[in-house]
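Here is the structure we will look at.
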Amino acid sequence: MMEPLATDDVRSLEPVHEHDGDASVGGWTRRLVLFLRVMAGVSMLKGLYHWAQVCGVGVEPSQQFEYHSIAWQTATVFFAVLDLVAAVGLWLAAAWGAVIWLASVASMLALQIFFPQVFDGGLLTGLFQGGMLAIYLWLALKSAQEQPA
1 MMEPLATDDV RSLEPVHEHD GDASVGGWTR RLVLFLRVMA GVSMLKGLYH WAQVCGVGVE
61 PSQQFEYHSI AWQTATVFFA VLDLVAAVGL WLAAAWGAVI WLASVASMLA LQIFFPQVFD
121 GGLLTGLFQG GMLAIYLWLA LKSAQEQPA
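One point on numbering: in the working numbering, the residue at position 117 of the sequence shown is 117, and numbering is uninterrupted.
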């Protein structure tokens with residue numbers, strides 16, 4: 001009977017674990033994990049907001065889901081699912097969570113830039129999304145610089 005091999009490749013797929021007092025985790029990595037957890041909360045709120053739109057919770061009868069355009073309905077369901085999946089991945093500080101979150105942010109920015117008639121998010125939402133993306137990239141670079149080679 002053969003024993004399964006434990007390789008570094010399998011361990012590299014695990015999410016980031018923050019341990020108190022662990023000397024291998026630097027300050028920038030802790031800041032990155034904190035930022036990811038805050039963004040997980042924001043993504044969860046966004047996902048729940050989109051699901052509220054789909055289910056008709058807190059909306060006027062004239063603004064219910066079925067009365068909107070197909071483009072709006074599609075985008076709302078897309079972000080309802082994507083934001084909640086991103087929230088789980090971001091909370092775990094897993095690489096796939098950041099990828100899903102980046103896809104969500106890039107999709108929302110593209111939607112607001114190229115199809116502003118679908119969502120009336122405005123300039124403030126776009127600036128917030130772009131700012132969070134810039135902060136994430138800056139923290140990720142700083143965290144990668146402090147990791148041993």
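Where is the CB? At the ideal position from N, CA and C, for every residue including glycine. What you are looking at is a predicted structure, and each value in this text was computed from that prediction instead of being measured.
Where residue i falls, given that 16 or more other Cβ within 10 Å makes a residue buried
{"i": "isoleucine 113", "result": "exposed"}
{"i": "phenylalanine 115", "result": "exposed"}
{"i": "tyrosine 67", "result": "exposed"}
{"i": "leucine 32", "result": "buried"}
{"i": "glycine 27", "result": "exposed"}
{"i": "glycine 97", "result": "buried"}
{"i": "serine 62", "result": "exposed"}
For residue j and residue i, the rounded distance between their alpha carbons
{"i": "glycine 121", "j": "leucine 141", "result": "29 Å"}
{"i": "arginine 30", "j": "alanine 93", "result": "11 Å"}
{"i": "isoleucine 70", "j": "valine 25", "result": "47 Å"}
{"i": "leucine 123", "j": "glycine 130", "result": "10 Å"}
{"i": "alanine 95", "j": "glycine 89", "result": "8 Å"}
{"i": "glutamine 147", "j": "threonine 125", "result": "33 Å"}
{"i": "tryptophan 72", "j": "valine 42", "result": "21 Å"}
{"i": "tyrosine 136", "j": "arginine 37", "result": "12 Å"}
{"i": "glutamate 60", "j": "glutamine 145", "result": "50 Å"}
{"i": "cysteine 55", "j": "tryptophan 91", "result": "25 Å"}
{"i": "leucine 45", "j": "valine 118", "result": "20 Å"}
Extent of the continuous alpha helix (DSSP H) run through residue i
{"i": "valine 99", "result": "95-114"}
{"i": "phenylalanine 79", "result": "70-91"}
{"i": "phenylalanine 128", "result": "122-146"}
{"i": "glutamine 63", "result": "No alpha helix (DSSP H) contains glutamine 63, which DSSP labels as neither H nor E."}
{"i": "glycine 56", "result": "Where glycine 56 is concerned, there is no enclosing alpha helix (DSSP H), given that its DSSP letter is neither H nor E."}
Nearest candidate by alpha-carbon position, reference residue i, set the options
{"i": "methionine 39", "options": "Ser143, Val99, Gly58 and Gln145", "result": "Val99"}
{"i": "alanine 134", "options": "Ala106, Gln63 and Val57", "result": "Ala106"}
{"i": "leucine 111", "options": "Ala75, Glu60, Gln63 and Phe65", "result": "Ala75"}
{"i": "leucine 102", "options": "Trp28, Ala86 and Leu32", "result": "Ala86"}
{"i": "phenylalanine 35", "options": "Gln117, Trp138, Glu146 and Ser104", "result": "Trp138"}
{"i": "phenylalanine 128", "options": "Met108, Phe65 and Trp72", "result": "Met108"}
{"i": "methionine 132", "options": "Gly27, Ser104 and Val77", "result": "Ser104"}
Practice task
Report yes or no: do three or more beta-carbon pairs, one from the stretch 68-87 and one from the stretch 48-59, lie closer than 8 Å?
Solution key: Touching, yes.
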